[in-house]
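The block underneath contains the structure these notes are about, expressed in structure tokens.
Pasting the structure below:
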């Protein structure tokens, strides 16, 4: 990979961001997000991931139960949310730099997405099945469709996904295609200051196409879903006010939509007799079969990670990956909503001019923290643990809805609190070491999985199922403490972490300088 010569009339190539152009606040928040992500993930290195979604581990006692309850209440769902916000912020930083320097953006960013997908896929197969990076790659495509105005990029991305779905014959690939068509719809609606009737018609057409692609032209529920998409299009249109604020409004609308639909379903089951779920004998049989299959998966996973070899684990993860790959868009809607909110934080200048926007963060913290805490504690008060097979009980549905509803405001409260803390001298000194880990977020994220796998799995030290939740917290503290030291030492000699350097090389298709003395001296453009 080398620096290509450019035609003077063509857009210049986008270059890697320099140290002086970094927004230090984002690096600190990334460091905090890494801790939260690791606290969530570590549990599933010593427990079968097939047990995911059961809430607080009821087998824990004493201090370990308290640790499990605390992490479930204040960490779970809040820090992947934070990571998603940061992803959207990073997208906006890169886009802004390309616009300021009149440089091409779409091609480098597509390479960046490919790099992310490759890292995530390798992480899934080689280290751990809980990877989220490959899912982020698909959602990043959706974000690109929303922000990019060029029809050629839209056509190329959608055609490639449609061709893959046709070749594989998988219904899930068509769902992914529908997800990206909806992103194109959002691009039509969100990016136009004045939407005339032709764009509204195009929006409705795209919504109908999305429903047909996702469900098939003969599906009985196609008309209903097409109607829902149309209502969403109208809702987005009414939110479409203001060239920048529309991004966070659209993000919040997407985030709330499934929760509002879920709440409507819950109210309907409680008030309309015909909507109450009546479990038939056949449905009960199917539920029992699912529970038996789940128990078998849990037993197989325990055996694999206690006595299996590394190659046994790789083969198992490769099989799961082949089944997971067509379903990458599942859950993408929530991630996309968070990408858009993060995008707004940077494009509005709120995150790039923190000193001037401290009142914004104070107002945000003043209501998001109490609102998020109230919703989360109400959820945990109803249910902190869930019994498999009872997910349709009204109190369980309400508990899960409240938990998801509280995750975003509590996450925004955390981010605002961190920014306010960094604005004080003592807070900046306290949090400053985290910036080193944040600058090497990809390296540290993958490194944490490598260390945890070697410690817990049977092909390593073999502590699977033997470490309590409190012990897991101690493990995270030790490993992350070592990562902080390693990151600071590494960055005293090098400009980027090893995986960050490789990702930049893929993104910009040139080898960026690695050693610190090679860093060019440039004027700062985006300091907090």
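Residue numbers (our numbering): 3 to 530.
A virtual CB, placed ideally from N, CA and C, is assigned to each residue, including glycine.
According to DSSP, residues forming a beta bridge with residue 57: DSSP, once it has assigned bridges, lists 387 as partnering residue 57.
Going by DSSP, what residue range makes up the alpha helix (DSSP H) through residue 80? Unbroken run through residue 80: none, as it is neither H nor E.
Count the other CB atoms, across all protein chains shown, that sit within 10 Å of the CB of residue 148; report buried if there are 16 or more and exposed otherwise. Flag for residue 148 reads buried.
Below 8 Å on the Cβ atoms is my contact criterion, and I expect residue 81 with residue 27 to pass it. Report the Cβ-Cβ distance as a whole number of Å. Incorrect: roughly 17 Å between the Cβ atoms, too far for contact.
Three-state secondary structure (DSSP) of residue 224: Residue confidence for residue 224 is low, a pLDDT of 46 falling below 50, so the modelled location carries little weight; the figure read from the coordinates is stated next. Three-state DSSP puts residue 224 in a helix.
In three-state terms, what does DSSP make of residue 459? Reduced to three states, the DSSP call for residue 459 is coil.
Under the assumption that residue 371 contacts residue 412 (Cβ atoms under 8 Å), give the Cβ distance between them as a whole number of angstroms. Taking the Cβ atoms as the reference, residue 371 lies roughly 7 Å from residue 412, within the contact range of under 8 Å.
Under a three-way DSSP split, which group does residue 496 fall into? In this structure, DSSP gives residue 496 an extended state, which the three-state scheme calls strand.
Residue 394 - DSSP class collapsed to helix/strand/coil: In the structure shown, residue 394 sits in coil (DSSP, three-state: anything other than H, G, I, E or B).
Bridge-paired residues (DSSP) for residue 517: 496.
What do you reckon, are the CB atoms on residue 435 and residue 379 nearer than 8 Å? Taking a C-beta distance under 8 Å as the contact criterion, residue 435 and residue 379 do not qualify as a contact pair.
Provide the residue span of the alpha helix (DSSP H) that contains residue 49, from first to last. DSSP places residue 49 in no alpha helix (DSSP H); its state is neither H nor E.
Could you pull out every residue in the same chain whose Cβ sits closer than 7 Å to the Cβ of residue 44, ignoring the five residues on either side in sequence? Setting aside the 5 residues that flank it on each side, residue 44 is surrounded in the same chain by 454, 474, 477 and 478, each with a C-beta closer than 7 Å to its C-beta; the list follows chain order.
Residue 403 and residue 264: beta carbons closer than 8 Å? Yes, they are a contact pair.
Going by beta carbon distance, what residues of the same chain come within less than 7 Å of residue 500, once the five residues before and after it are set aside? Hits under 7 Å: 445.
For residue 79, collect the residues of the same chain with a Cβ closer than 6 Å to its Cβ; drop the 5 residues on either side in sequence, then sort them by chain order. In the same chain as residue 79, and ignoring 5 residues on each side of it, the C-beta atoms closer than 6 Å to its own belong to 409, in chain order.
Based on Cα-Cα distance, which residue from 438, 426, 107 and 465 lies nearest to residue 492? Among 438, 426, 107 and 465, the Cα nearest to that of residue 492 belongs to 438.
Assigned exposure category for residue 103 - 16 Cβ within 10 Å defines buried: So residue 103 ends up on the exposed side.
For residue 330, name the three-state secondary structure that DSSP assigns. It is coil, neither helix nor strand.
So, helix, strand or coil for residue 511, using DSSP? The answer is coil: DSSP assigns residue 511 none of H, G, I, E or B.
So, with DSSP's three-state summary, where would you put residue 523? Low per-residue confidence applies at residue 523: pLDDT is 44, beneath 50, and the placement is therefore not dependable enough to give any value.
Hey, would you say residue 115 sits closer than 8 Å to residue 139, going by beta carbons? Cβ atoms of residue 115 and residue 139: closer than 8 Å.
Looking at residue 132: is its Cβ nearer than 8 Å to the Cβ of residue 31? At the C-beta level, residue 132 and residue 31 stay beyond 8 Å of one another.
So, helix, strand or coil for residue 130, using DSSP? Of the three classes helix, strand and coil, the one that applies to residue 130 here is coil, per DSSP.
How about residue 451 and residue 125: are their beta carbons less than 8 Å apart? Contact annotation: residue 451 and residue 125 have beta-carbon atoms nearer than 8 Å.
Which two residues bound the contiguous alpha helix (DSSP H) that contains residue 554? Beyond the ends of the chain as shown, which are 3 and 530, falls residue 554; an answer cannot be given.
Whole-angstrom distance between residue 112 and residue 100, CA atom to CA atom: Rounded to whole angstroms, residue 100 and residue 112 show a C-alpha spacing of 14 Å.
What's the C-alpha gap between residue 195 and residue 337? Because the pLDDT at residue 195 is just 46, under 50, the model does not fix this residue reliably, and the point stays unresolved.
Neighbourhood of residue 225 by C-beta, 7 Å cutoff - its chain only, sequence neighbours within 5 removed: Model confidence at residue 225 stands at a pLDDT of 47, short of 50, so the residue's coordinates are unreliable; what they give is reported in the following sentence. Setting aside the 5 residues that flank it on each side, residue 225 has no residue in the same chain whose C-beta is closer than 7 Å to its C-beta.
Proximity winner among 283, 57, 25 and 291, relative to residue 387 (alpha-carbon distances): The shortest C-alpha separation from residue 387 is found at 57.
Please report the straight-line C-alpha distance between residue 293 and residue 395, rounded to a whole angstrom. Between residue 293 and residue 395, the C-alpha separation is close to 17 Å.
Would a C-beta distance cut-off of 8 Å place residue 307 and residue 459 closer than the cut-off? Going by C-beta atoms, residue 307 is nearer than 8 Å to residue 459.
Contact between the region 310 to 327 and the region 59 to 66 (3+ Cβ pairs under 8 Å): By the C-beta criterion, the region 310 to 327 is judged not to be in contact with the region 59 to 66, since fewer than 3 inter-stretch pairs fall below 8 Å.
DSSP on residue 427, reduced to helix/strand/coil? Residue state, collapsed to three classes: helix.
For residue 505, is the classification buried or exposed, using 16 other Cβ atoms within 10 angstroms of its Cβ as the cut-off for buried? Flag for residue 505 reads buried.
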